[in-house]
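For the protein sequence lines, the chains are A and B, in the order given. Residue numbers for the first sequence, in my numbering: 52 to 339. Residue numbers for the second sequence, in my numbering: 15 to 353. No residue lacks a Cβ here, since even glycine has one placed at the ideal position from N, Cα and C.
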Amino acid sequence: MSGYLSGTLAILCINLIFAYAIFVTAAAGQINLGGAGFQAIGAYATAWLASQPDIPMRIIIPAATLITALIGFLISFPVLRTRGVYMVLATFAFGEVVSGFLLRSSIFGGAMGMVVTQHIELWVLIASAAAVTLATFYLMATRLGLAMRSLNDDEEAAAVLGVNVRAVQVAAFTIGGAFAGFSGALYALNFGFVEAQYFNSLLSIYVLLFVLIGGAQTAWGPLAGSLFFTILPELFRIGGSWRYFVFGVLIVLMMVVRPEGIVTRDLVRRLSPFGWRSRRAAGSSHGR
Amino acid sequence: MSATAGLTKPRFVLPGPVIASVAVVALIALAIATGGPVIVRQVVSGLLLGAIYMTVAVAFTLTIGVLNFLNFTIPSLFMLTGMVAWALVSRGYLTFAGTWAWLVALLVGVAVAVAASLLVERFTFRYLRMKHGDATEHAIPLVSSLGFLLVFENLILIPLGSDSQRFTVPFKADVHIGGMVIGVAQLASCVLAVAVVGALSFILKHTKVGRALRTIAENPDTASLLGVNVGRVVPVVFILTGVLSGLAGALFTVNYGDVSPFMGDNVGTKAIAAMVLGGIGSIWGAIVGGLVVGLAETLSIQYFGGDSVSMMVWGLVLVIIILRPKGLFGIASIGKGKM
Numbered sequence: 052m053s054g055y056l057s058g059t060l061a062i063l064c065i066n067l068i069f070a071y072a073i074f075v076t077a078a079a080g081q082i083n084l085g086g087a088g089f090q091a092i093g094a095y096a097t098a099w100l101a102s103q104p105d106i107p108m109r110i111i112i113p114a115a116t117l118i119t120a121l122i123g124f125l126i127s128f129p130v131l132r133t134r135g136v137y138m139v140l141a142t143f144a145f146g147e148v149v150s151g152f153l154l155r156s157s158i159f160g161g162a163m164g165m166v167v168t169q170h171i172e173l174w175v176l177i178a179s180a181a182a183v184t185l186a187t188f189y190l191m192a193t194r195l196g197l198a199m200r201s202l203n204d205d206e207e208a209a210a211v212l213g214v215n216v217r218a219v220q221v222a223a224f225t226i227g228g229a230f231a232g233f234s235g236a237l238y239a240l241n242f243g244f245v246e247a248q249y250f251n252s253l254l255s256i257y258v259l260l261f262v263l264i265g266g267a268q269t270a271w272g273p274l275a276g277s278l279f280f281t282i283l284p285e286l287f288r289i290g291g292s293w294r295y296f297v298f299g300v301l302i303v304l305m306m307v308v309r310p311e312g313i314v315t316r317d318l319v320r321r322l323s324p325f326g327w328r329s330r331r332a333a334g335s336s337h338g339r
Numbered sequence: 015m016s017a018t019a020g021l022t023k024p025r026f027v028l029p030g031p032v033i034a035s036v037a038v039v040a041l042i043a044l045a046i047a048t049g050g051p052v053i054v055r056q057v058v059s060g061l062l063l064g065a066i067y068m069t070v071a072v073a074f075t076l077t078i079g080v081l082n083f084l085n086f087t088i089p090s091l092f093m094l095t096g097m098v099a100w101a102l103v104s105r106g107y108l109t110f111a112g113t114w115a116w117l118v119a120l121l122v123g124v125a126v127a128v129a130a131s132l133l134v135e136r137f138t139f140r141y142l143r144m145k146h147g148d149a150t151e152h153a154i155p156l157v158s159s160l161g162f163l164l165v166f167e168n169l170i171l172i173p174l175g176s177d178s179q180r181f182t183v184p185f186k187a188d189v190h191i192g193g194m195v196i197g198v199a200q201l202a203s204c205v206l207a208v209a210v211v212g213a214l215s216f217i218l219k220h221t222k223v224g225r226a227l228r229t230i231a232e233n234p235d236t237a238s239l240l241g242v243n244v245g246r247v248v249p250v251v252f253i254l255t256g257v258l259s260g261l262a263g264a265l266f267t268v269n270y271g272d273v274s275p276f277m278g279d280n281v282g283t284k285a286i287a288a289m290v291l292g293g294i295g296s297i298w299g300a301i302v303g304g305l306v307v308g309l310a311e312t313l314s315i316q317y318f319g320g321d322s323v324s325m326m327v328w329g330l331v332l333v334i335i336i337l338r339p340k341g342l343f344g345i346a347s348i349g350k351g352k353m
């Protein structure tokens with residue numbers, strides 16, 4: 052496999068896991084515009100642990116994931132006090148505070164960043180991305196996933212029907228934190244270097260776009276969005292900096308043509324091979 | 015929205031206007047008391063920076079207050095004005111030079127910002143409202159505005175380059191007030207910013223359009239039932255957004271002589287911080303917030319160094335959103351709608 056292809060594949064795997072992190076919260080009806088902050092925590096935890104003597108990778112990755120999950124759990128309580136625009140701003144502020152802190156802290160190398168001494172194989176990245184994808188599909192099929200979906204559709208109705216709204220939201224944030232931390236750990240181990248400037252607000256915006264363009268209704272969405280966003284820039288590379296322009300135009304047009312994202316629940320139902328019932332359901336929701 | 019909105023109710027209530035005024039005055043007094051005449055200049059430049067943040071913050075707060083829309087294109091409208099004006103002057107597109115050239119260029123810049131803002135309206139609100147009913151229910155406008163941010167930044171970046179462009183500041187003249195030297199441009203900028211925001215406040219309070227806007231802010235459907243032509247009034251918000259962001263961009267360009275395709279990002283984030291501090295949806299909150307953030311920025315650069323600013327400002331925003339989400343002057347019901 053050529054270096055270019057394996058590099059693109061590695062980025063795709065990391066982006067995919069990161070996208071699922073944001074998807075899990077978005078599926079429960081919360082928009083997290085501070086994704087880069089969570090990924091940065093995972094990446095820096097990995098870099099720090101790897102700089103300590105004698106910690107093998109099989110401990111570093113779970114540890115970094117757990118640390119980020121814990122921070123996701125803790126931050127969910129204050130953040131869940133907010134709604135709508137306030138939640139977007141609160142998570143955005145969280146991301147900025149984390150990258151600002153890392154930029155100034157001396158034990159994490161400050162603006163110089165940190166070198167990660169251990170390195171991960173490509174097959175581990177691919178296996179991890181596959182595992183996270185399957186785990187998310189499974190999650191969305193469980194009771195918790197159903198509860199998350201119900202919060203996205205109508206929070207009050209869900210509460211009336213006995214869904215513990217706060218517990219489900221906290222769970223979504225914690226799982227999202229774990230995925231983001233995992234993707235950060237893989238990022239650090241793949242690139243061998245972390246710097247706070249990479250985990251900026253633009254990264255948070257991009258990963259949220261992965262999810263919202265891909266479609267936040269089903270677990271297929273982040274997959275479609277990550278493929279769309281990772282492969283499209285590679286195709287546009289010929290056009291130089293025009294590709295970001297085309298990218299922006301595509302986002303605007305996508306929102307006009309198909310605001311639910313590339314993959315919607317209807318599309319999944321219609322393509323699904325399981326029986327007439329789901330097809331009729333898809334047809335009825337199109338009725339006027 | 016109603017039952018669970020109680021979750022965000024602030025735990026304690028402080029008299030906002032009092033705290034705000036005390037905060038601004040105390041910051042200035044503390045600075046002057048500890049620093050003496052050196053600090054006075056910092057305070058003046060802090061107030062100028064604050065006036066720019068304030069103008070952008072008012073643009074943000076207006077779109078959120080009326081349309082429940084966090085408009086991420088505002089930083090790029092700010093940038094469009096500066097870059098277009100600079101390009102017109104420096105690339106010789108104007109047949110005459112000097113002060114008048116700058117004035118014309120800045121006016122063209124603001125016009126471009128307004129046109130761009132109307133383009134955003136066309137693709138975020140008008141079309142979506144026709145297709146999906148209430149566009150504000152979805153995260154769609156937010157995503158579209160992020161797309162437009164990329165479009166505008168790269169549209170400027172491709173022909174003009176990504177470098178920061180420095181140039182000699184036009185309108186160079188100073189006045190002496192009590193031993194201090196203050197640039198005329200600085201003074202005029204502060205006055206102009208305050209005048210425009212004051213005019214906006216008047217429009218919202220006393221004109222027909224203003225009343226219509228406030229009705230839409232309450233509830234778009236009710237406004238429509240009461241005879242407000244929502245489709246005609248919403249573009250007004252975007253025109254005002256363009257004017258405010260463009261004006262701020264023009265003031266920044268004239269006073270700092272430094273433009274780049276990314277000049278809006280820093281100002282935009284500071285303006286969001288200012289808006290949150292003052293309370294989302296409140297114009298007076300945005301004014302006070304802008305001044306406080308501007309002062310805090312110049313003073314903390316003086317005392318703690320430049321790196322600390324961003325983290326301190328955002329830390330403050332996070333704390334305010336969580337403890338007192340309506341900020342100093344805010345209206346509790348705004349911005350809680352589902353994204």
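Where do the ends of the alpha helix (DSSP H) carrying residue i lie?
{"i": "LEU164 of chain B", "result": "154-174"}
{"i": "LEU313 of chain B", "result": "297-318"}
{"i": "TYR71 of chain A", "result": "54-78"}
{"i": "ILE217 of chain B", "result": "198-220"}
{"i": "LEU195 of chain A", "result": "194-204"}
{"i": "PHE242 of chain A", "result": "216-242"}
{"i": "GLU135 of chain B", "result": "113-135"}
{"i": "ALA87 of chain A", "result": "86-102"}
{"i": "GLY161 of chain A", "result": "Where GLY161 of chain A is concerned, there is no enclosing alpha helix (DSSP H), given that its DSSP letter is neither H nor E."}
{"i": "ARG294 of chain A", "result": "293-308"}
Which chain A residues are close to residue i, counting only those with a beta carbon under 8 Å from its beta carbon?
{"i": "ALA130 of chain B", "result": "Result: empty, since nearest Cβ-Cβ is about 12 Å, beyond 8 Å."}
{"i": "PRO339 of chain B", "result": "ARG132, THR133 and TYR137"}
{"i": "ALA153 of chain B", "result": "ILE82 and LEU263"}
{"i": "LEU164 of chain B", "result": "TYR295, PHE296, PHE298, GLY299 and ILE302"}
What does residue i reach in chain B if we use C-beta pairs closer than 7 Å?
{"i": "TRP293 of chain A", "result": "ILE172"}
{"i": "PRO129 of chain A", "result": "ILE336"}
{"i": "GLY151 of chain A", "result": "SER324, MET325 and TRP328"}
{"i": "LEU260 of chain A", "result": "VAL157 and LEU160"}
Applying the 10 Å Cβ sphere with the 16-neighbour rule, what's the burial state of residue i?
{"i": "GLN103 of chain A", "result": "exposed"}
{"i": "TYR71 of chain A", "result": "buried"}
{"i": "TYR238 of chain A", "result": "buried"}
{"i": "LYS222 of chain B", "result": "exposed"}
{"i": "ILE110 of chain A", "result": "exposed"}
{"i": "LEU176 of chain A", "result": "buried"}
{"i": "ASN168 of chain B", "result": "buried"}
{"i": "ARG134 of chain A", "result": "buried"}
{"i": "ASN85 of chain B", "result": "buried"}
{"i": "SER323 of chain A", "result": "exposed"}
{"i": "MET165 of chain A", "result": "buried"}
{"i": "THR150 of chain B", "result": "Annotation note: pLDDT 44 at THR150 of chain B (below 50); position unreliable, no value reported."}
Strictly below 9 Å CB to CB, what residues from chain A border residue i?
{"i": "VAL11 of chain B", "result": "Within the shown structure, residues of chain B are numbered from 15 to 353, placing residue 11 of chain B beyond reach of any answer."}
{"i": "VAL126 of chain B", "result": "Correct list: empty, because the minimum Cβ distance to chain A is about 17 Å."}
{"i": "ILE286 of chain B", "result": "LEU140, PHE143 and ALA144"}
Mind pulling the chain B residues with CB within less than 8 Å of residue i?
{"i": "LEU190 of chain A", "result": "Going along chain B, no residue has its Cβ under 8 Å from LEU190 of chain A, so there is no contact; the nearest lies around 22 Å."}
In chain A, which residues lie less than 7 Å from residue i when you measure between Cβ atoms?
{"i": "ASN168 of chain B", "result": "SER292, TYR295, PHE296 and GLY299"}
{"i": "ILE294 of chain B", "result": "VAL136"}
Going by the C-beta, is residue i closer than 7 Å to any heavy atom of the ligand MG?
{"i": "SER59 of chain B", "result": "Absence of the ligand MG is noted for the structure shown, with no ligands found whatsoever."}
(message) Output needed in chain order: residues of the stretch 91-104 of chain B with a Cβ under 9 Å from some Cβ in chain A.
(response) none
(message) Contact between the stretch 287-298 of chain B and the stretch 109-125 of chain B is defined here as three or more beta-carbon pairs at a separation below 8 Å; is this criterion met?
(response) no
(request) Count the C-beta pairs between the stretch 84-95 of chain A and the stretch 110-123 of chain A that are closer than 8 Å, then say yes if the count reaches three, no if not. (result) yes
(message) Output needed in chain order: residues of the stretch 297-310 of chain A with a Cβ under 7 Å from some Cβ in chain B.
(response) PHE298, GLY299, VAL300, ILE302, VAL303, MET306, VAL307 and PRO310
(message) I want to know whether the stretch 263-278 of chain A touches the stretch 142-158 of chain A - three or more CB-CB distances under 8 Å.
(response) no
(request) Using a Cβ-Cβ cut-off of less than 7 Å, give me the residues of the stretch 152-168 of chain A that come near chain B, in sequence order. (result) PHE152, LEU154 and ARG155
(request) Could you run through the stretch 74-86 of chain B and flag, in chain order, every residue whose CB is less than 9 Å away from some CB of chain A? (result) ILE78, ASN82, PHE83, LEU84 and PHE86
(message) Taking 8 Å as the cut-off, does the stretch 214-223 of chain A touch the stretch 55-71 of chain A (at least 3 CB pairs, one atom from each stretch)?
(response) no
(request) Check distances from the C-beta atoms of the stretch 105-127 of chain A to those of chain B and list, in chain order, the residues that come in under 8 Å. (result) none
(message) Beta carbons nearer than 7 Å to chain B: which residues of the stretch 244-260 of chain A have them?
(response) ILE256 and LEU260
(request) Mind the definition here: the stretch 240-257 of chain A touches the stretch 152-166 of chain A only if three or more C-beta pairs lie below 8 Å; say whether that holds. (result) yes
(message) Quick test of the definition: if touching needs 3 or more C-beta pairs under 8 Å, does the stretch 180-187 of chain A touch the stretch 256-265 of chain A?
(response) no
(request) Report yes or no: do three or more beta-carbon pairs, one from the stretch 321-330 of chain B and one from the stretch 74-88 of chain B, lie closer than 8 Å? (result) no
(message) Taking 8 Å as the cut-off, does the stretch 233-248 of chain B touch the stretch 59-70 of chain B (at least 3 CB pairs, one atom from each stretch)?
(response) no
(message) Pairs of beta-carbons, one from the stretch 156-165 of chain B and one from the stretch 256-268 of chain B, closer than 8 Å: are there three or more?
(response) no
(message) Can you confirm whether the stretch 100-114 of chain B touches the stretch 238-254 of chain B when touching is taken to mean that 3 or more C-beta pairs between the two stretches lie within less than 8 Å?
(response) no
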